[in-house]
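Enquirer:
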Amino acid sequence: MIHYQLRCVSDHEFEGWFRDSSAFEDQAAHGLLSCPFCGTAKVDRALMAPAVRSSRQKKNEQQEQPVAAAEVPATSVAGQAGIPDALLSALQKMRQEVESKCENVGDRFAEEALRIHHGEAEERGIYGSMTSEDHERLEDEGVSVQRLPWVQPAEG
């Protein structure tokens with residue numbers, strides 16, 4: 001996964017995560033990216049400071065590569081009607097992207113993430129739900145997990 005700092009034509013800055021640089025280019029070309037502040041689809045990469053890693057950090061990263069996995073709460077975002085339209089649209093696009101590129105493993109999320117992390121299952125993007133205890137266990141094991149706000153899908 002690649003992390004980019006993004007900027008819209010109105011100079012709003014925000015971040016985005018992409019499978020690779022071509023995924024960013026493809027989404028930008030098809031108007032799938034939008035500013036969470038103003039909703040414009042005119043988004044490009046902003047200047048970012050590179051992360052500098054010590055040789056010790058590089059060695060640790062090579063020995064233990066975290067699994068990129070998405071954790072999605074079982075319930076949708078409370079008060080969805082009160083979310084600004086631009087933010088709601090961005091969250092709906094994010095949900096669509098996760099659902100199209102990742103496997104829903106439901107309440108088996110923690111177990112499957114650990115299986116992937118330990119090389120016992122195929123490495124792939126997954127999403128589902130888990131308890132707070134499961135989340136803590138994954139963190140203790142060094143599994144990279146991202147919580148996502150889960151809104152109702154866009155109609156249409």
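First residue of the sequence shown? That's 1 in UniProt numbering, and the numbers climb one at a time after it.
Ideal placement from N, C-alpha and C gives every residue a C-beta, glycine not left out.
#1: At what residues does the beta strand (DSSP E) containing R95 begin and finish?
#2: Quick one, are the C-beta atoms of E15 and Y4 less than 8 angstroms apart?
#3: With distances taken between CB atoms, is the gap from A86 to G39 smaller than 8 angstroms?
#4: Rounded to a whole number of angstroms, what is the C-alpha to C-alpha distance between R7 and H118?
#5: Of all the options Q92, H135, D140, which has the alpha carbon lying nearest to the alpha carbon of P149?
#6: Checking the sheet assignment: what are the DSSP bridge partners for I116?
#7: Do the stretch 103-112 and the stretch 121-141 meet, that is, are 3 or more Cβ pairs less than 8 angstroms apart?
#8: Let's test the definition: count the other Cβ atoms within 10 Å of the Cβ of V143 and tell me whether it reaches 16, buried, or not, exposed.
#9: Between D44 and A28, what straight-line distance do the alpha-carbon atoms span, to the nearest angstrom?
#10: When you compare only the Cα positions, how much space is there between Q152 and L47?
#11: Among residues of its own chain, excluding the 5 on either side of Q62, which ones have a beta-carbon nearer than 8 angstroms to its beta-carbon?
Expert: Answer, in terms of the structure:
#1: Numbered from 1 along the sequence shown, position 95 holds the residue referred to as residue 95. R95 -> not in any beta strand (DSSP E); alpha helix (DSSP H) instead, spanning 85-101.
#2: The residue given as residue 15 occupies position 15 in the sequence shown. The residue given as residue 4 occupies position 4 in the sequence shown. Cβ atoms of E15 and Y4: closer than 8 angstroms.
#3: The residue you call residue 86 lines up with position 86 of the sequence shown. The residue you call residue 39 lines up with position 39 of the sequence shown. Cβ atoms of A86 and G39: closer than 8 angstroms.
#4: Within the sequence shown, residue 7 is the residue found at index 7, counting from 1. Within the sequence shown, residue 118 is the residue found at index 118, counting from 1. Approximately 37 angstroms between the Cα atoms of the pair.
#5: Translated into the one-based positions of the sequence shown, residue 149 becomes position 149. Answer by Cα proximity: Q92.
#6: Counting from 1 along the sequence shown, the entry for residue 116 is found at position 116. BP columns for I116 are empty, so no partner.
#7: yes
#8: Indexing the sequence shown from 1 puts residue 143 at position 143. Buried, by the Cβ-count rule.
#9: If you number the sequence shown from 1, residue 44 lands on position 44. If you number the sequence shown from 1, residue 28 lands on position 28. Near 8 angstroms, if we compare the C-alpha coordinates of A28 and D44.
#10: Position 152 of the sequence shown, counting from 1, holds the residue named residue 152. Position 47 of the sequence shown, counting from 1, holds the residue named residue 47. Taking the straight line from one Cα to the other gives about 33 angstroms.
#11: Position 62 of the sequence shown, counting from 1, holds the residue named residue 62. Below a pLDDT of 50, predicted positions are generally treated as unreliable, and Q62, at 48, falls in that range; no measurement from the model is reported.
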